[in-house]
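Quick notes on the structure that follows.
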Amino acid sequence: MARVVVDVMLKSEILDPQGKAVAGALPRLGFDGVLDVRQGKRFELELEGEVTPERLAEIERIAETLLSNPVIEDFTVHVESPVEA
Amino acid sequence: MRVGVVTFPGSLDDVDAQRAVRFGGNEAVPLWHGDHDLRGVDAVVLPGGFSYGDYLRCGAISRFSPVMTEVIAAAGKGMPVLGICNGFQILCESHLLPGALIRNDHRKFVCRDQVLRIENNRTPWTSSYAANAEITVVLKNGEGSYVADDETLDRLEGEGRVVARYLEVNPNGSLRDIAGVTNERGNVVGLMPHPEHAIEDLCGPGTDGLGFFTGLAAQAFA
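Going line by line, the protein sequences match chains D and B.
Using our numbering, read the first sequence as starting at 1 and increasing by one per residue.
Using our numbering, read the second sequence as starting at 1001 and increasing by one per residue.
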């Protein structure tokens, strides 16, 4: 088994009201020095068998078809680590 | 006309939409998200609500439901499709309409009577309205902020594909005050406000929304 992680973030030019809300809460809690917060989504995909280039290409297709909306979001794919069976 | 209204798990305004379809002089045909055919309808309404709990992104799961495969194919052949609120989000996720809808810029759910200008009355859904008619209908959304890149927005405006624009107040941060758009062919319309909640005087802000549902019947007899 292996774990592949897909991180999805709103594109930088898209307003992120949730991130703004988090950023606004920090000073109220006494945390200073954080200039900006952007909120995204992390997907952990557990795969059967080895991670091959073909499997990674398929996960790219999963990411661009379902996990992200390419109109407003970017994604990155990385293999986290082989998981103990 | 026979107008299908799709119910997804989490749809809220499907019954109101069916009623508005009937008030507009059409037959309302309930459709289910798991349906693999459109039961011979002439047009489809995707109603408001929180289909599939808005999981992942608003409309992202609904877009892959069996009935949407049929709706996308029919829309490609010219069938009139109207997506209201969550239905608009589903149409954007389906890539039948450009752009996307994100969380309101002020981060609060908004519910108000909203003034709109109908800027395109050449679609099957807006043909009852006079050019640049100003109407008041219900608006209620949490993720109604319409976004697209500048190039797309310029093209929509240049081709007259902005169907409705917010007047007086921009309630959700939508770019260029856009409340609704149509596709190149003009048969698919997405609208964030709710005309189906403004079809009779008893409840709602009036009857200004009824025109979205009477144009179809007029076309059928044209």
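Here a beta-carbon is modelled for each residue, glycine too, at the ideal position from N, C-alpha and C.
query                                                                                                                                                                                            : result
Strictly under 7 Å for the Cβ-Cβ distance: is residue 1150/B near chain D by that measure?                                                                                                       : no
So what does DSSP say about residue 1030/B, is it helix, strand or coil?                                                                                                                         : strand
Jot down the residue ranges of each uninterrupted alpha helix (DSSP H) in the segment 1081 to 1109 of chain B, minimum 4 residues, whole runs only, in chain order.                              : 1086 to 1093
Starting from residue 1072/B, trace the alpha helix (DSSP H) both ways and give me its first and last residue.                                                                                   : 1066 to 1076
Could you give the distance in angstroms between the alpha-carbon of residue 1050/B and the alpha-carbon of residue 1178/B?                                                                      : 21 Å
Contact between the segment 1103 to 1120 of chain B and the segment 1153 to 1171 of chain B is defined here as three or more beta-carbon pairs at a separation below 8 Å; is this criterion met? : yes
Are at least three pairs of beta-carbons, each pair with one atom in the segment 1001 to 1015 of chain B and one in the segment 1024 to 1037 of chain B, less than 8 Å apart?                    : yes
Which residues, in order along the segment 1104 to 1125 of chain B, keep a beta-carbon less than 8 Å from a beta-carbon of chain D?                                                              : 1104, 1105, 1106 and 1107
Which full runs of the beta strand (DSSP E) of 3+ residues lie inside the segment 1141 to 1216 of chain B, going along the chain?                                                                : 1145 to 1147, 1162 to 1166, 1178 to 1182 and 1188 to 1191
Between the alpha carbons of residue 66/D and residue 1141/B, how many angstroms are there, rounded?                                                                                             : 23 Å
In chain B, which residues lie with their C-beta within 8 Å of the C-beta of residue 5/D?                                                                                                        : Result: empty, since nearest Cβ-Cβ is about 16 Å, beyond 8 Å.
Here's the rule I'm using: 16 or more other beta-carbon atoms within 10 Å means buried, otherwise exposed. How should residue 1079/B be labelled?                                                : buried
Would DSSP call residue 1219/B helix, strand or coil?                                                                                                                                            : helix
Output needed for residue 1196/B: all residues of its chain with C-beta closer than 7 Å, excluding positions within five of it in sequence on either side, in chain order.                       : 1013, 1016, 1017, 1020, 1084 and 1209
Going by the beta-carbon positions, is the gap between residue 1139/B and residue 1066/B smaller than 7 Å?                                                                                       : no
Any idea what DSSP makes of residue 1043/B, helix, strand or coil?                                                                                                                               : strand
Using a cut-off of 9 Å between C-beta atoms, extract the partners of residue 21/D located in chain B.                                                                                            : 1107
Is it a yes or a no for the segment 1113 to 1128 of chain B touching the segment 1150 to 1169 of chain B, going by three-plus beta-carbon pairs under 8 Å?                                       : yes
Cα separation between residue 69/D and residue 1093/B?                                                                                                                                           : 7 Å
Could you give the distance in angstroms between the alpha-carbon of residue 59/D and the alpha-carbon of residue 77/D?                                                                          : 8 Å
For a cutoff of 7 Å on Cβ pairs, would you count residue 15/D as touching chain B?                                                                                                               : yes
Can you pull the chain B residues whose beta carbon is under 8 Å from the beta carbon of residue 37/D, in chain order?                                                                           : Near residue 37/D there are no residues of chain B at all, since even the closest Cβ is about 13 Å away, more than 8 Å.
Once the 5 residues before and after residue 1188/B are set aside, which same chain residues still bring their CB inside 7 Å of it?                                                              : 1075, 1081, 1091, 1096, 1097 and 1182
When the Cα atoms are used, what is the spatial distance from residue 45/D to residue 5/D?                                                                                                       : 6 Å
Taking the alpha carbon of residue 1186/B as the reference point, which residue from 1038/B, 1124/B, 1041/B and 1003/B has its own alpha carbon closest?                                         : 1124/B
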